[in-house]
Amino acid sequence: MGSLFPFRTDVEADAGNPRLVGIDEDAADEVFDALGSRTARRILTAIYDDPRPASDLADDVDTSLQNARYHLDNLSDAGLVTVADTWYSERGTEMKVYAPANDAVVVFAGDNDQKTGAFDALKRFLGGVVAVGIAALVVQALLAPGSLLPTFGSAGSETSPATTPSDGGGFSTMDVQRSTTTTTTTDGGHGLLALLAEPGVAFFLGGLCVLLVVTTLWYVRTRRRG
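In terms of UniProt numbering, the sequence shown opens at residue 1 and continues consecutively.
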């Protein structure tokens with residue numbers, strides 16, 4: 001009978017709404033203290049990329065497990081991270097899985113009216129990013145389904161080398177391989193341009209630009225009315 005360990009589940013971080021911290025609030029002291037170390041900032045970045053236990057975070061940022069736990073305690077006290085799940089090691093030891101406590105954290109300097117307006121603008125912008133991303137996926141699926149998937153036989157993929165005799169005047173296997181390598185190296189820029197030309201990608205980038213302009217204008221008008 002095989003062992004039940006290690007036991008790891010997929011963690012879906014249930015992060016709360018964006019958090020706006022006023023620079024004159026008591027909470028700002030805890031946030032600044034927790035993020036005063038570069039290692040702590042790297043740990044928080046890694047957690048936003050993928051929730052994981054302290055041991056994995058220690059390996060990811062190249063620090064000791066004790067140091068990682070120290071920073072995680074500080075980040076938790078500051079309300080920046082939370083325990084989202086529990087995994088088990090090969091020996092059956094419980095491991096806390098850390099995840100972001102908020103979708104985003106912004107430190108803000110200004111009066112209460114400005115803070116409220118900035119918080120509303122931030123929520124509008126992040127909500128708009130999600131909406132634009134979903135719309136971009138729909139556009140891509142309708143106009144160019146499957147075009148972003150890798151295709152076999154493109155530049156850099158496996159090809160069958162030519163095997164003409166070396167004394168027959170044709171290309172040798174080495175010549176074909178060298179040609180394929182050259183094509184792969186010089187075609188990288190075209191691959192990026194092709195990606196940007198995809199309808200879904202173009203829609204997403206254009207939508208972000210429009211969203212940024214609209215959010216900025218909304219915030220400026222709100223401030224003037226206030």
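The beta-carbon is built from N, C-alpha and C at its ideal position, and this holds for glycine as well. Given the structure is predicted, the values throughout are model-derived calculations rather than measurements.
What residue from Ala135, Pro51, Asp60 and Leu208 has the CA that sits closest to threonine 39's CA?
-> For the residues Ala135, Pro51, Asp60 and Leu208, the minimum Cα distance to threonine 39 belongs to Asp60.
With DSSP run on the structure shown, which of helix, strand or coil describes phenylalanine 22?
-> The sequence given here has glycine at residue 22, not phenylalanine. DSSP places glycine 22 in strand when its eight states are reduced to three.
So, helix, strand or coil for alanine 84, using DSSP?
-> Three-state result, alanine 84: strand.
Inspect the CB distances between the stretch 133 to 144 and the stretch 22 to 38 and report whether three or more fall short of 8 Å.
-> These segments do not touch.
Between the CA atoms of isoleucine 23 and leucine 208 - distance to the nearest angstrom | Here the alpha carbon of leucine 208 sits roughly 28 Å from the alpha carbon of isoleucine 23.
Please name the residue, chosen from His71, Asp33 and Phe32, that lies closest to isoleucine 47 on a Cα-to-Cα basis.
-> Considering only alpha carbons, the answer is His71.
Might you give, ordered along the chain, the residues of its own chain that have their beta carbon closer than 6 Å to the beta carbon of glycine 79, omitting 5 neighbours on each side?
-> Listed in chain order, the non-local C-beta contacts of glycine 79 below 6 Å within the same chain comprise Ala101, local neighbours out to five positions each way being set aside.
Would you mind reading off the limits of the beta strand (DSSP E) that contains alanine 99?
-> Unbroken beta strand (DSSP E) run through alanine 99: 94 to 100.
Check whether alanine 54 and arginine 69 have beta carbons under 8 Å apart | The answer is yes: Cβ separation under 8 Å.
With a threshold of 16 other CB atoms inside 10 Å of the CB of glycine 200, please say whether the residue is buried or exposed.
-> Label assigned to glycine 200: buried.
From this set, Leu142, Leu193, Leu20 and Glu90, which residue's C-alpha is nearest aspartate 103's C-alpha?
-> Cα-wise, what sits closest to aspartate 103 is Leu20.
Going by DSSP, what residues sit across from phenylalanine 108 in a beta bridge?
-> Beta-bridge pairing links phenylalanine 108 to Gly22.
Compute the Euclidean distance between the alpha carbons of aspartate 77 and leucine 196, then round it to the nearest angstrom.
-> Each residue's alpha carbon lies about 42 Å from the other.
CA-CA distance, alanine 194 and glutamate 94?
-> When rounded, the separation of the alpha-carbon atoms in alanine 194 and glutamate 94 is 47 Å.
Express the C-alpha separation of proline 18 and residue 233 in angstroms, rounding to a whole number.
-> Nothing about residue 233 can be read from this structure; the chain reaches only from 1 to 226.
Per DSSP, which one or two residues make a beta bridge with arginine 52?
-> Residue pairing by DSSP puts arginine 52 in a beta bridge opposite Tyr98.
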